[in-house]
């Protein structure tokens, strides 16, 4: 307990076990993350972000520095990707839910038929991996970290060698 306090971390809260070893909260968090990628990113249902993200949601993604907090800060980012890649699909490859965090490895795929990061439409199909970490409070995502193979993305688009 002292180490957790010194390190600035609270001790883990007791969890109610389930049949698969995950707590009820961990199951909920895993379901929210799957919905986040399926409904918001792959299907473009931006309104679901109001349900899945906390009002003070913070996006720590390096490629989109300092977007406004909350679902309203993420909606234009998702919309821009959906314009660039109308057939955008995210596939969850791995998902680990533990405590108040979910780590997920996803594959982003689509054909670039619109502009993205100043790159005009190339009509090329891309397939790029990401690793995301989502922090939960009160059943909603409150913070997000993402690492994407952006160099691989730009190479597939022909924007860099």
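In my numbering, the protein residues as written are 11 to 171.
Don't be surprised by glycine CBs; every beta carbon is placed ideally from N, CA and C.
| Within this structure, are the beta carbons of residue 71 and residue 156 separated by less than 7 Å? | yes
| Contacting residues, own chain, Cβ-Cβ under 8 Å from residue 44 (five flanking each side not counted) | 102, 105
| request: Report the rounded CA-to-CA distance for residue 164 versus residue 49, giving the unit in angstroms. | output: 25 Å
| Nearest-angstrom Cα distance between residue 93 and residue 129? | 13 Å
| task | Answer with buried or exposed for residue 108, where buried requires no fewer than 16 other C-beta atoms within 10 angstroms of its C-beta. | result | exposed
| field | For residue 81, the first and last residue of its enclosing alpha helix (DSSP H) | value | 81-94
| query | DSSP puts residue 74 in a beta bridge; with which residues? | reply | Paired residues: none, contrary to the question.
| Backbone secondary structure at residue 7 - three-state DSSP | The question about residue 7 has no answer here: the residues shown for the chain are numbered 11 through 171.
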